[in-house]
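S.K.: In this note's numbering, the protein residues as written are 7 to 230.
Ideal Cβ placement from N, Cα and C applies to all residues, glycine included.
As the structure is a prediction and not an experimental result, all values here were calculated from the model.
1. Quick one: Cα of residue 68 to Cα of residue 19, how far?
2. Taking contact to mean at least 3 C-beta pairs separated by less than 8 Å, is the region 171-181 in contact with the region 144-155?
3. Expressed to the nearest angstrom, what Euclidean distance is found between the alpha-carbon atoms of residue 180 and residue 66?
4. Just the Cα atoms here: how many angstroms apart are residue 207 and residue 197?
5. Going straight from the alpha carbon of residue 220 to that of residue 27, what length do you get?
6. For the alpha helix (DSSP H) that contains residue 17, what are its first and last residues?
7. Between the region 77-85 and the region 209-219, do at least 3 Cβ pairs fall closer than 8 Å?
8. Taking its Cβ as the centre, do 16 or more other Cβ atoms sit within 10 Å of residue 89, making it buried, or is it exposed?
9. If I measure Cβ to Cβ from residue 86 and keep anything under 8 Å in the same chain, skipping five residues before and after, which residues do I get?
10. According to DSSP, is residue 3 part of a helix, a strand, or is it coil?
11. Would you mind giving the Cβ-Cβ distance between residue 183 and residue 140, rounded to the nearest angstrom? I have them listed as a contact below 8 Å.
12. For a test of the three-state rule: what should DSSP assign to residue 87, helix, strand or coil?
13. Any idea if residue 204 is buried or exposed, counting beta-carbon neighbours within 10 angstroms, 16 or more meaning buried?
14. Looking at the secondary structure, which residues open and close the alpha helix (DSSP H) in which residue 53 lies?
15. Contact check, residue 214 vs residue 60 under 8 Å by CB: the rounded distance?
16. Could you name the residues of the same chain whose beta carbon sits closer than 7 Å to that of residue 40, not counting the 5 residues immediately before and after it, in chain order?
17. Would you kindly work out how many angstroms separate the C-alpha atoms of residue 121 and residue 113, rounded to a whole number?
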């Protein structure tokens with residue numbers, strides 16, 4: 007068995023990295039606020055505009071939270087060298103909880119706001135492009151709940167751990183599905199700060215997938 011020995015960072019380095027990690031996470035979560043609410047001016051004659059802004063914020067925040075969740079899980083081993091593993095694990099669980107909350111709130115708000123204002127479920131104009139985006143939205147909801155459920159079941163049925171881990175990979179599929187979903191149905195993925203940062207986020211998630219595959223091959227070969 008081959009073992010890769012890595013030097014452990016000092017306490018000062020851990021504190022600096024933890025602070026950087028927290029500030030970066032706060033920035034990612036703040037981006038939807040910067041994108042949606044800073045330029046927002048309510049229209050008293052059209053309440054639907056305010057509801058639409060809320061819907062955009064919920065969707066973008068969900069996207070940011072999934073991104074942070076994948077960064078935390080995808081780079082778990084290297085991050086644990088700089089972050090306290092217990093703190094990092096709690097952080098990961100908290101993100102999972104927030105992902106579920108926003109994954110429920112986003113479609114629920116779409117339904118309630120359209121029902122309240124227009125008396126129907128969908129106000130947006132139907133078409134092949136819109137229907138594709140809507141179907142992707144339903145798909146990512148199913149993927150998110152499947153991935154989170156698999157993470158929960160890991161703690162109760164450990165003998166099935168390899169199977170639950172494979173299901174948990176659906177969170178990555180949910181992220182890429184959400185990227186296309188937001189690109190089709192909204193404008194935020196193409197404009198403003200989010201239009202720039204989303205490419206960085208997508209690139210980092212691709213890197214996380216590559217890292218997980220690399221780690222899997224190392225562990226399969228008996229390396230640590």
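M.R.: This is what the structure holds:
1. The alpha-carbon separation between residue 68 and residue 19 amounts to approximately 31 Å.
2. Three or more beta-carbon pairs separated by less than 8 Å link the region 171-181 to the region 144-155, which places the two stretches in contact.
3. A direct Cα-Cα distance of roughly 14 Å separates residue 180 from residue 66.
4. Going by the C-alpha atoms only, they are around 15 Å apart.
5. Their backbone Cα atoms lie some 23 Å apart in a straight line.
6. That run of the alpha helix (DSSP H) goes 17-42.
7. With the cut-off at 8 Å, the region 77-85 and the region 209-219 touch.
8. It counts as buried.
9. Excluding positions up to five away in sequence, the list reads 94.
10. Past the boundaries of the shown model lies residue 3; the chain is included only from 7 to 230, so the question cannot be answered.
11. Under the criterion of beta carbons closer than 8 Å, residue 183 and residue 140 do not qualify as touching, at roughly 12 Å.
12. Looking at residue 87 - three-state DSSP - the assignment turns out to be coil, as it is neither helix nor strand.
13. Counting Cβ neighbours within 10 Å, residue 204 comes out buried, since at least 16 surround it.
14. Counting along the chain, residue 53 sits inside the alpha helix (DSSP H) bounded by residues 53-80.
15. Going by Cβ atoms, the distance from residue 214 to residue 60 rounds to 30 Å, so no, they are not a contact pair.
16. Excluding the 5 residues flanking it on each side, residue 40 has same chain C-beta neighbours closer than 7 Å at 199, in chain order.
17. Within the model, the alpha-carbon separation for residue 121 versus residue 113 is close to 12 Å.
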